[in-house]
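**Q** Take this structure, written in structure tokens, and hold onto it; I'll ask about it next.
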């Protein structure tokens, strides 16, 4: 359904350090760095057919986060969720909501961690726990 997700940054180098560490947990490598025609820096992280972009806003206004918005990253295990969370906190992010852990929901058991990146964007690391048949 999605081709890419893009978030703005007020400090592209700080964001690069944060996302290099966090997205490496998921298997993403170094981003492709380029400049928009306006000269603004863009970072494109590509992995598993998806693209996550971090950009300097081309309108020269401050980057802000979406109130009520969350960007979810699919993880392959509860341990990967925890590693995502730990990398985020170690690189300038902060834990929000409950600590990483198992949650029961309408979609079955989920292992989740919520963090905010250094610009305030809300991120979720999610692992769908297999249910016994």
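Residue numbers (our numbering): -5 to 127. Even for Gly, the Cβ is constructed at its ideal location relative to N, Cα and C.
#1: Buried or exposed: which applies to residue 106, given that a residue is buried once 16 or more other Cβ atoms fall within 10 Å of its Cβ?
#2: So, helix, strand or coil for residue -3, using DSSP?
#3: Suppose contacts are defined by Cβ-Cβ distances below 9 Å. Is residue 46 in contact with residue -2 by that definition?
#4: Rounded to whole angstroms, what is the Cα-Cα separation between residue 80 and residue 3?
#5: With H, G and I counted as helix, E and B as strand and the rest as coil, what does DSSP make of residue 44?
#6: Start and end of the beta strand (DSSP E) containing residue 109?
**A** So, to answer that:
#1: Working through the chain shown from its first residue, we reach residue 106 at position 112. It counts as buried.
#2: Position 3 of the chain shown, counting from 1, holds the residue named residue -3. Coil.
#3: Counted from its first residue, the chain shown places residue 46 at position 52. Counted from its first residue, the chain shown places residue -2 at position 4. Result yes, Cβ atoms of residue 46 and residue -2 sit closer than 9 Å.
#4: Looking up residue 80 in the chain shown gives position 86. Looking up residue 3 in the chain shown gives position 9. Answer to the nearest angstrom: the Cα atoms are 21 Å apart.
#5: The residue you call residue 44 lines up with position 50 of the chain shown. Residue 44: strand per DSSP, three-state reduction.
#6: Within the chain shown, residue 109 is the residue found at index 115, counting from 1. 102 to 110 is the span of the beta strand (DSSP E), which, as asked, contains residue 109.
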